[in-house]
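Colleague: After the structure tokens below, expect a handful of questions from me.
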Amino acid sequence: MRRIDIPAPKVGEDTAEGGLEVPGGQARELTCVSLFAGGGGMALGFERAGLTHVLLNELDRHAVATLRSNRPEWSVNSLDIRDVCFRHLHGTVDVVEGGFPCQAFSMSGKRRGFADPRGGMFFEFARAVREIRPKVAVAENVKGLRSHDGGRTLDAMVAALEEAGYRVAWRILGAHNFGVPQKRERLILIALRGGAGGQILFPAELDGPAPTVRQVIGDGVTGPGARYSARTAWIMSHVPEGGNWRDLPEHVLREFLPNGPYGGGSCSGAAKRLAWDQPSPTLLCQPTATKLTGRCHPAETRPLNVREYARIQTFPDTWRFEGPMSAQYRQIGNAVPVALAYHLGRAAVAMASGTSTSTGLSEAAHVVKARRPIRRRAVTSPPSRPRGRSTGPTRPGRRRTTSPKGTAR
Ligand SMILES: C[S@@+](CC[C@H](N)C(=O)[O-])C[C@H]1O[C@@H](n2cnc3c(N)ncnc32)[C@H](O)[C@@H]1O
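In this text, residue positions in the sequence shown follow our numbering: the first is 43, and each later residue adds one.
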């Protein structure tokens, strides 16, 4: 089996906290693989929690450039995960984490679930867990996953990890309860390898009020940012701080929603302007669109700039995003807020090292069992690749074995 060269932690503001105290008093380095790593929110939080990355995988070239430029020492593969074999890492990694694509389960999408190739990416995560067999696996997705297909989708995911020999629990966590100035709720699924001992742990919510928008962008941080069209700027100039389309005067509302806002709740978040003294609503990938995803600065009539976006997602100012502006917003909007990821990372560290007495963690009330039998084929087969997107070998036996230092690109 290939041995892994573990890169030394980088020293500086954004780096790991260093070695971990494990029972017996010895410091030991815990290792992590990051899948669907995006612009690095989850990976950065896990690094801060003390985990050392041995491999990150991400398909999007701009996100890969972000990871590589901020952390040249990280081993980042720019590959479609369906082409990657992880068997060479078997038994050598403590934690696997991945925020698999969420569009297939999101309330704001068509919710095609496993019928959407992006929805099937969970099974690639589960395959990586089977091949690597870490002590702990942490997956992140949208809250809407819980109710998708009446709960059967989540059941299938739980069943896939149970079949791999893991105990599984999940919770919905609100980022605003973990030091993030944003009301962003996410489903966190944690799997603990059978026989590893200990409890499944989630981070406990922090005391005190959530941070506010003013606290993180009130100093007027500057940076590149998208601009509104003249029409959108005119519409948004009528929305007061903390308001949305409901606050528009009638003549503006007629221009904004010519067919009327009469279709019910689907556009309740449209034309949203942030409030200074509250957490932000969930940041999405496109801050310019006024319908649903737009997020206007609290006082100025413009979308949040890239740096403001990053601060609300609790990225440090030193973390630079690569690619065109739209790609930068996408990486930030897709990310797990770094502060939430840090607390998840601490829970993973405690489970992997057996230090379950660490403060700020809470045991899962119960370990989930898939509620109904799932046909084996449905839960373990990786989804077939959509036609016309051949990017490499697909048969499991032909997957690429990636090198630890990112030589496969
Ligand atoms: C929700 S984002 C992950 C965000 C990341 N966890 C973070 O905290 O910044 C999902 C990522 O999966 C990547 N992705 C989608 N399909 C993929 C595939 N087939 N192989 C590898 N990565 C893929 C996307 O490019 C996207 O960056």
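Don't be surprised by glycine CBs; every beta carbon is placed ideally from N, CA and C. As the structure is a computational prediction, the values presented were derived from the model and not from experiment.
Please find out if some non-hydrogen atom of ligand 3 comes closer than 7 Å to the beta-carbon of residue 378.
Modeller: Ligands in the displayed structure: ligand 1; ligand 3 is not one of them.
Colleague: Determine the closest residue to residue 131 out of 157, 175, 350, 124, with distance taken between C-alpha atoms.
Modeller: In the sequence shown, residue 131 corresponds to position 89, counting from 1. If we check each option's Cα against that of residue 131, 175 comes out closest.
Colleague: Going straight from the alpha carbon of residue 364 to that of residue 397, what length do you get?
Modeller: Position 322 of the sequence shown, counting from 1, holds the residue named residue 364. Position 355 of the sequence shown, counting from 1, holds the residue named residue 397. Taking the straight line from one Cα to the other gives about 37 Å.
Colleague: Short check: CB of residue 341 to CB of residue 84, under 8 Å?
Modeller: What you label residue 341 is simply residue 299 of the sequence shown in a count that begins at 1. What you label residue 84 is simply residue 42 of the sequence shown in a count that begins at 1. No, the pair does not count as a contact, with Cβ atoms beyond the cut-off.
Colleague: I need the boundaries of the beta strand (DSSP E) containing residue 117, first residue and last residue.
Modeller: Reading the sequence shown from its first residue, position 75 is the one you call residue 117. First-last for residue 117: undefined, no H or E at that position.
Colleague: Among 378, 403, 406, 388, which has the Cα closest to the Cα of residue 78?
Modeller: Counting from one through the sequence shown, the residue named residue 78 turns up at place 36. Among 378, 403, 406, 388, the Cα nearest to that of residue 78 belongs to 378.
Colleague: Compare the C-alpha of residue 223 against each of 233, 259, 203 and name the closest.
Modeller: Translated into the one-based positions of the sequence shown, residue 223 becomes position 181. Closest by alpha carbon: 259.
Colleague: Mind listing, in chain order, the continuous alpha helix (DSSP H) runs of no fewer than 4 residues lying wholly within the stretch 125-210?
Modeller: List check, alpha helix (DSSP H) in window: 163-174, 194-205.
Colleague: Could you have a look at residue 236 and say whether DSSP puts it in helix, strand or coil?
Modeller: For this step, residue 236 is matched to residue 194 along the sequence shown. If DSSP states are grouped into helix, strand and coil, residue 236 belongs with coil.
Colleague: Alpha carbons only, please: which of 205, 368, 359, 182 is nearest the one belonging to residue 267?
Modeller: Looking up residue 267 in the sequence shown gives position 225. Of 205, 368, 359, 182, the residue nearest in Cα terms is 368.
Colleague: Would you mind stating whether residue 234 and residue 405 have Cβ atoms separated by less than 8 Å?
Modeller: Position 192 of the sequence shown, counted from the start, is the residue given in the question as residue 234. Position 363 of the sequence shown, counted from the start, is the residue given in the question as residue 405. No.
Colleague: Along the chain, where does the beta strand (DSSP E) that runs through residue 73 open and close?
Modeller: By 1-based counting over the sequence shown, the position of residue 73 is 31. It spans 72-77 - the beta strand (DSSP E) in which residue 73 sits, taken as one unbroken run.
Colleague: Would you say residue 106 and residue 75 are within 8 Å of each other, going by their C-beta atoms?
Modeller: As a working mapping, residue 106 is identified with position 64 in the sequence shown. As a working mapping, residue 75 is identified with position 33 in the sequence shown. No, the pair does not count as a contact, with Cβ atoms beyond the cut-off.
Colleague: Which same chain residues end up closer than 6 Å to residue 226 when comparing Cβ atoms and leaving out the 5 residues on each side of it in sequence?
Modeller: Counted from its first residue, the sequence shown places residue 226 at position 184. Closer than 6 Å at the Cβ level, and outside the excluded window around residue 226, lie 217, 324.
Colleague: Can you tell me whether DSSP reads residue 83 as helix, strand or coil?
Modeller: As a position in the sequence shown, residue 83 is number 41, starting the count at 1. Looking at residue 83 - three-state DSSP - the assignment turns out to be helix.
Colleague: With a threshold of 16 other CB atoms inside 10 Å of the CB of residue 89, please say whether the residue is buried or exposed.
Modeller: The residue labelled residue 89 in the question sits at position 47 within the sequence shown. Buried, since its Cβ has 16 or more Cβ neighbours within 10 Å.
Colleague: From residue 285 to residue 345, what does the alpha carbon distance come to, in whole angstroms?
Modeller: Counting from 1 along the sequence shown, the entry for residue 285 is found at position 243. Counting from 1 along the sequence shown, the entry for residue 345 is found at position 303. So the two alpha carbons sit approximately 14 Å from each other.
Colleague: What are the uninterrupted segments assigned as alpha helix (DSSP H) that are 4 or more residues long and contained completely in the stretch 255-340, given in chain order?
Modeller: Complete alpha helix (DSSP H) runs here, min 4: 255-259, 272-278, 292-298.
Colleague: Where does residue 247 fall in DSSP's three states?
Modeller: Position 205 of the sequence shown, counted from the start, is the residue given in the question as residue 247. Coil.
Colleague: Of the choices 228, 94, 125, 104, whose alpha-carbon is the least far from that of residue 117?
Modeller: Locating residue 117 in the sequence shown gives position 75, counting from the first residue. The residue with the shortest Cα to Cα distance from residue 117 is 94.
Colleague: At which residues does the beta strand (DSSP E) containing residue 97 begin and terminate?
Modeller: Working through the sequence shown from its first residue, we reach residue 97 at position 55. Element bounds for residue 97: 93-99.
Colleague: Kindly list the residues whose CB is nearer than 6 Å to the CB of residue 338, restricted to its own chain and excluding five residues on each side of it in sequence; keep chain order.
Modeller: Your numbering for residue 338 matches position 296 in the sequence shown. Excluding positions up to five away in sequence, the list reads 278, 315.
Colleague: From which residue to which residue does the alpha helix (DSSP H) around residue 350 run?
Modeller: What you label residue 350 is simply residue 308 of the sequence shown in a count that begins at 1. Per DSSP, residue 350 belongs to the alpha helix (DSSP H) from 348-354.
Colleague: Considering Cα atoms alone, identify which of 373, 171, 395, 205 is closest to residue 108.
Modeller: Within the sequence shown, residue 108 is the residue found at index 66, counting from 1. Here the closest residue by C-alpha is 373.
Colleague: For ligand 1, any of its heavy atoms closer than 7 Å to the Cβ of residue 144?
Modeller: Taking the sequence shown and counting its residues from 1, one reaches residue 144 at position 102. At least one heavy atom of ligand 1 is nearer than 7 Å to the Cβ of residue 144, so yes.
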